[in-house]
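*Asks:* Below: one structure in structure tokens.
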Amino acid sequence: MTWVNAVVQGILLGGLYALFATGLSLMFGVMRIVNLAHGDLSVLAAFLAFALIDALPLNAFATLVLVVPAMAALGWLLQRFVLQRSLGAGQLAPLLVTFGLSVVLQNVLLEVFSPDSRALDIGGLGTAGLRLSGSVSVGWFGVLCLGIAIAVLVGLQLFLARTAFGRAMRATSDDQETVQLMGIDHRRVYATATAIAFATLAVAGVLFGMRTTFDPSIGPARLIFAFEAVIIGGLGSLWGTLAGGVVLGVAQTVGAQISPAYSILAGHLVFLAVLVLRPQGILRPAAAR
Amino acid sequence: MTAVVVTRAGTAGRVGLSAAGLLALLLAAAPYLVTSDITHTLVDLFVFVVIATMWNLLAGYGGLVSVGQQAYLGAGAYAVIALSVHGGINAFLAVPLAALAAGLLAVPLSFLAFRLHGGYFAIGTWVLAEVVKLVTAQIGPLGKGSGASLTTVSGYDPDIRVAYTYWLALAVAAGSVTAVYLLIRTRTGLQLTAIRDDGIAAEAAGVRVRRAKRLVYLIAGTGTGAAGAIVCLNTLTVQPESVFSVQWSAYMIFMVVVGGIGTIEGPIVGALLFFGLQQALSAQGPVYLIILGAVGVAVVLLAPRGLWGSTVGRTSISVFPVGHTLR
Numbered sequence: 015m016t017w018v019n020a021v022v023q024g025i026l027l028g029g030l031y032a033l034f035a036t037g038l039s040l041m042f043g044v045m046r047i048v049n050l051a052h053g054d055l056s057v058l059a060a061f062l063a064f065a066l067i068d069a070l071p072l073n074a075f076a077t078l079v080l081v082v083p084a085m086a087a088l089g090w091l092l093q094r095f096v097l098q099r100s101l102g103a104g105q106l107a108p109l110l111v112t113f114g115l116s117v118v119l120q121n122v123l124l125e126v127f128s129p130d131s132r133a134l135d136i137g138g139l140g141t142a143g144l145r146l147s148g149s150v151s152v153g154w155f156g157v158l159c160l161g162i163a164i165a166v167l168v169g170l171q172l173f174l175a176r177t178a179f180g181r182a183m184r185a186t187s188d189d190q191e192t193v194q195l196m197g198i199d200h201r202r203v204y205a206t207a208t209a210i211a212f213a214t215l216a217v218a219g220v221l222f223g224m225r226t227t228f229d230p231s232i233g234p235a236r237l238i239f240a241f242e243a244v245i246i247g248g249l250g251s252l253w254g255t256l257a258g259g260v261v262l263g264v265a266q267t268v269g270a271q272i273s274p275a276y277s278i279l280a281g282h283l284v285f286l287a288v289l290v291l292r293p294q295g296i297l298r299p300a301a302a303r
Numbered sequence: 329m330t331a332v333v334v335t336r337a338g339t340a341g342r343v344g345l346s347a348a349g350l351l352a353l354l355l356a357a358a359p360y361l362v363t364s365d366i367t368h369t370l371v372d373l374f375v376f377v378v379i380a381t382m383w384n385l386l387a388g389y390g391g392l393v394s395v396g397q398q399a400y401l402g403a404g405a406y407a408v409i410a411l412s413v414h415g416g417i418n419a420f421l422a423v424p425l426a427a428l429a430a431g432l433l434a435v436p437l438s439f440l441a442f443r444l445h446g447g448y449f450a451i452g453t454w455v456l457a458e459v460v461k462l463v464t465a466q467i468g469p470l471g472k473g474s475g476a477s478l479t480t481v482s483g484y485d486p487d488i489r490v491a492y493t494y495w496l497a498l499a500v501a502a503g504s505v506t507a508v509y510l511l512i513r514t515r516t517g518l519q520l521t522a523i524r525d526d527g528i529a530a531e532a533a534g535v536r537v538r539r540a541k542r543l544v545y546l547i548a549g550t551g552t553g554a555a556g557a558i559v560c561l562n563t564l565t566v567q568p569e570s571v572f573s574v575q576w577s578a579y580m581i582f583m584v585v586v587g588g589i590g591t592i593e594g595p596i597v598g599a600l601l602f603f604g605l606q607q608a609l610s611a612q613g614p615v616y617l618i619i620l621g622a623v624g625v626a627v628v629l630l631a632p633r634g635l636w637g638s639t640v641g642r643t644s645i646s647v648f649p650v651g652h653t654l655r
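Chains as they are written, first to last, in the numbering used here: chain A, 15 to 303; chain B, 329 to 655.
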């Protein structure tokens, strides 16, 4: 039964990975930018929440009301004034810019907040749960994370499929030049897409901070998890990202069940296996490529 | 009718190349001229020249932006421990073998990494480096997570040991630059330049793009492995968290981008600048890396051709001429 428990915990963790990976997937889908600072930005969101709790009498969840818009605004500005400039200069430039940003962010956080591990306190919710049987229990916080992840993914799916702006975003992703002929400012679409991506990674970053401790140096490790979730699920599919996140989460918790040292490695190995056997992702038929 | 003369190098090139050769000879005499503290520090510079030159070959000519070259650096460093401490081979002779081992590791990893493209290739190589690190940290004889020491050179007099390491590092640095320079002048080099400028057009013109890219990936893995072996000899210890650190990739990218990507001279200029910055600022801790990252971003956005590319590169002067000149 401990194995069943490991799988259940993995699924719950996977929801959080999926939520976090959505932003990476969205930015690649719309702008073909792979944001190497994705992980560090989520750590920044967690530290913003941490600083807010320190300064104001706020509940950890209430910080989302301030952190998410702030991160979205940062995303908008970053895309409009920094990343946009790098887009014309080949595929190398955006990668180098986001990697530079990642180095800067990590060290600014280190300078401001010191290398100490922090956590966002959520009181009893962190440990409360429902015991299903002797060894299988479901934590409410994990269920909440999975619920939020699914809600965000459904919301994003509806936004892309049903609204005019969502349509503009999909069209820009398909052909940026033709979209301009239709009177759409692609730079506005790009900035908005980045703002949405940053909002989702901010939610994920704060939830990560409630789940485990964080410090300024863990951003790159998180980026790798998000990337693995995206590739396992298949590029360009939101539901694929959810499936990828869940597979990665389960691989890590089952690996940890064998030996704590194998947790991360198990996730990497599943990723490599998918890369070798199903490079198009687990949800996609081979013909779709 | 005037005869058309086609030449490789102009006067500047001949002067520059000769100066580079003289400089290498002068540097080779350094252990007789300066203290071993200085030569010990200069080994770092040579390591930077090697890894920057190799990353430039990969990204600047092959179009392969890797954030995972620390896999080969770490593999080279650990191979010295395995060959020398456990295999009984002389630590200095183990360096070329360690480079070869890193190159061999690049063969299977290239098949995994080449499943991905562009930005995802970058993170994919990073994951591979993490896997190599995690697997290495599981191996008992190599000290697991806490690393191992190169105990087999303790019999050497420290000054002699540093001098040998220094000469080896200088040879690897000069060898790397020469190898890349000669490679770019060959038919393969032309193909690589075509791929760098437009991969699809190059493929349409009959260039076997994948083959050329794999060749570049293997060479870069071997060269970076040699640099890792030198790092092991110079520091006498290896730890998974330091030799497999993604920081190495940050350094490579900084040196190549700031120096001038896609030129032979650029990475050398970048390595010199980075070495200088490190000597001057590394005591500052995080601030130093903040400056490094910010300067890197600024150069990509404002002067994408880098220091060499936007100054000397604009003229016809070239220390390592890879093109032809009509007169």
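Note that the Cβ used here is the ideal one computed from N, Cα and C, for glycine as well.
(1) Taking C-alpha atoms, which residue in A:Val-261, A:Tyr-276, A:Leu-170 lies nearest to Ala-465 (chain B)?
(2) Taking the CB atoms as reference points, tell me whether Asn-418 (chain B) and Val-584 (chain B) lie closer together than 8 Å.
(3) If we ignore side chains and look at the alpha-carbon of each, how far apart do Ala-356 (chain A) and Thr-267 (chain A) end up?
(4) Are Gly-295 (chain A) and Ile-246 (chain A) closer than 8 Å when you measure CB to CB?
(5) Roughly how many angstroms separate the alpha carbons of Ala-422 (chain B) and Ala-497 (chain B), rounded to a whole number?
(6) Contact criterion: CB-CB distance below 8 Å. Does Phe-228 (chain A) meet it with respect to chain B?
(7) What is the C-beta distance between Leu-88 (chain A) and Thr-77 (chain A), in whole angstroms, given that I count them as a contact (C-beta under 8 Å)?
(8) Report the neighbours of Leu-620 (chain B) on chain A: residues whose CB is nearer than 7 Å to its CB, in chain order.
(9) From the DSSP secondary-structure annotation, give me the bridge partner or partners of Arg-132 (chain A).
(10) For a contact defined as C-beta to C-beta under 7 Å, what are the partners of Trp-454 (chain B) on chain A?
(11) For Arg-336 (chain B), which of helix, strand or coil comes out of DSSP?
(12) Buried or exposed, going by whether 16 or more other CB atoms sit within 10 Å of the CB of Trp-17 (chain A)?
(13) For chain A, check one thing: does any of its Cβ atoms lie closer than 8 Å to the Cβ of Leu-462 (chain B)?
(14) 8 Å is my cut-off, CB to CB: does Glu-191 (chain A) come that close to chain B?
(15) Anything in chain B within Cβ reach of Leu-13 (chain A), meaning under 9 Å, just list it in chain order.
(16) As a quick exercise: from B:Ala-348, B:Pro-359, B:Val-333, B:Glu-458, pick the residue whose alpha carbon is nearest that of Ala-501 (chain B).
(17) Please state whether the Cβ-Cβ distance between Leu-139 (chain A) and Val-152 (chain A) is less than 8 Å.
(18) Step through the CB atoms of chain A and report whether any lies within less than 8 Å of the CB of Arg-443 (chain B).
(19) When we look at the beta-carbon of Leu-510 (chain B) and count the other beta-carbons within 10 Å, is it buried (16 or more) or exposed?
(20) Whose Cβ in chain A lies nearer than 9 Å to the Cβ of Tyr-448 (chain B)?
(21) For Pro-632 (chain B), go through chain A and note every residue whose CB falls closer than 8 Å to its CB, in chain order.
(22) Using C-beta distances below 6 Å, list every residue in its chain close to Ser-638 (chain B), excluding the 5 sequence neighbours before and after it, in chain order.
(23) How many Å lie between His-282 (chain A) and Gly-28 (chain A) at the Cα?
(24) Rounding to the nearest angstrom, what Cα-Cα distance links Gln-271 (chain A) and Gly-587 (chain B) in this structure?
(25) Using the C-alpha atoms, what's the distance from Ala-86 (chain A) back to Ile-589 (chain B)?
(26) When the Cα atoms are used, what is the spatial distance from Ala-403 (chain B) to Asp-485 (chain B)?
(27) What is the DSSP secondary structure of Thr-381 (chain B), counted as helix, strand or coil?
(28) Quick check on the burial criterion: 16 or more other C-beta atoms within 10 angstroms. Buried or exposed for Ile-547 (chain B)?
(29) Can you tell me which of A:Pro-234, A:Leu-289, A:Pro-274 puts its alpha carbon nearest to the alpha carbon of Gly-258 (chain A)?
(30) Determine, using beta carbons only, whether Gly-153 (chain A) comes closer than 8 Å to chain B.
(31) Determine contact between the segment 408-416 of chain B and the segment 530-544 of chain B, defined as no fewer than three beta-carbon pairs at a distance below 8 Å.
(32) Taking all protein chains shown into account, decide if Ser-147 (chain A) is buried (16 or more other Cβ within 10 angstroms of its Cβ) or exposed.
*Replies:* Walking through what the data contain:
(1) A:Tyr-276
(2) no
(3) Shown here, chain A extends from 15 to 303; a query on residue 356 (chain A) therefore has no answer.
(4) yes
(5) 13 Å
(6) no
(7) Not quite, the Cβ-Cβ distance comes to about 15 Å (not below 8 Å), so this is no contact.
(8) Val-117
(9) A:Phe-228
(10) Ile-238
(11) coil
(12) exposed
(13) yes
(14) no
(15) Look at the range of chain A in this structure, 15 to 303, and you will see that residue 13 (chain A) is not part of it.
(16) B:Ala-348
(17) no
(18) yes
(19) exposed
(20) Phe-42, Val-48, Phe-241, Val-244, Ile-245, Leu-249
(21) Ala-103, Ala-107
(22) Ala-631
(23) 14 Å
(24) 48 Å
(25) 33 Å
(26) 27 Å
(27) helix
(28) buried
(29) A:Leu-289
(30) no
(31) no
(32) exposed
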